[in-house]
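Engineer:
In this note's numbering, the protein residues as written are 150 to 325.
(1) What is the residue span of the alpha helix (DSSP H) that residue 274 lies within?
(2) When you compare only the Cα positions, how much space is there between residue 108 and residue 250?
(3) Around the C-beta of residue 243, are 16 or more other C-beta atoms found within 10 angstroms, so that it is buried, or is it exposed?
(4) Taking the continuous alpha helix (DSSP H) assigned at residue 302, which residues delimit it?
(5) Specify whether the segment 299 to 318 and the segment 259 to 279 touch according to this definition: at least 3 beta carbon pairs, one from each stretch, less than 8 angstroms apart.
(6) Go ahead and pull the three-state DSSP assignment for residue 221.
(7) Tell whether a beta-carbon distance below 7 angstroms holds between residue 269 and residue 187.
(8) In this structure, does DSSP put residue 160 in helix, strand or coil?
(9) Ends of the alpha helix (DSSP H) at residue 191?
(10) Compute the Euclidean distance between the alpha carbons of residue 323 and residue 230, then round it to the nearest angstrom.
(11) Mind checking whether residue 258 and residue 179 have CB atoms under 7 angstroms apart?
(12) Just verifying my parser: in three-state terms, what is the DSSP assignment at residue 255?
(13) Would you mind reading off the limits of the beta strand (DSSP E) that contains residue 285?
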């Protein structure tokens, strides 16, 4: 009996070591669900913003503190690198591919959440870069949320920043 019990314990240890690097389906699903939700919410709100808002005419949501103000951004966050829209498009595409590839190696649900937020936001802004005027790889991103003195942003921008903060917290606090 004891030989059988020892063998079972040894087999379990081998299985646990072999499984440690395996894909965690629940984490991959979390990443995919979060990315999809952010992507759809971002694209949907941009369609509404373009259809309902007029540039230069902000619409108050919460008094003057939060307004909807339609703008187009050729650059990255804060309109940095406005002359490099094609390069930004390629860089964001590379980041999205890297996150999708890394998704199989996630070690924590917080990583799945963080990477899902970044991937969904990157995808939402990438759609604008590819399909909006002035043309493919040069499209301007639709921004429409204005909070206080912050630059105008969109759901994708908020998701990317939140996802990055989540990933930084994972590293700093070693959250499993």
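By construction, the Cβ of each residue, glycine as well, lies at the ideal position given by its N, Cα and C atoms.
Structural biologist: Judging by the given coordinates:
(1) 258 to 280
(2) Beyond the ends of the chain as shown, which are 150 and 325, falls residue 108; an answer cannot be given.
(3) exposed
(4) Here residue 302 belongs to no alpha helix (DSSP H), and DSSP marks it neither H nor E.
(5) yes
(6) strand
(7) yes
(8) Caution applies to residue 160, whose pLDDT of 47 falls short of 50 and renders its modelled position unreliable; the value that the coordinates give is listed next. Of the three classes helix, strand and coil, the one that applies to residue 160 here is helix, per DSSP.
(9) 174 to 201
(10) 34 angstroms
(11) yes
(12) coil
(13) No beta strand (DSSP E) contains residue 285, which DSSP labels as neither H nor E.
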